[in-house]
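Residue numbers (our numbering): 52 to 126.
Backbone N, C-alpha and C fix where the C-beta goes; we use that ideal spot for every residue, glycine too.
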Ligand SMILES: [Zn+2]
């Protein structure tokens, strides 16, 4: 017996959240989670402005990293 017709690719893409997400989830299946860069996990370079780890920073509206406010800076 013939299996039910698979959903068209376009429909599967839409269900996956759009083309980018569709490709991204497929890539992750093959290549694993996103790389943390050339230095590997836990070895990310600190911020060049404030010297704090980048994961303490927030991302601004324009995509740039914003340094966390330090108590010294507020004093
Ligand atoms: Zn910073």
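Taking residue i as part of the alpha helix (DSSP H), name the residues at either end of that continuous run.
i          : result
residue 63 : 60 to 66
Cβ atoms of residue j and residue i: under 7 Å apart, would you say?
i           : j           : result
residue 119 : residue 107 : yes
residue 64  : residue 73  : yes
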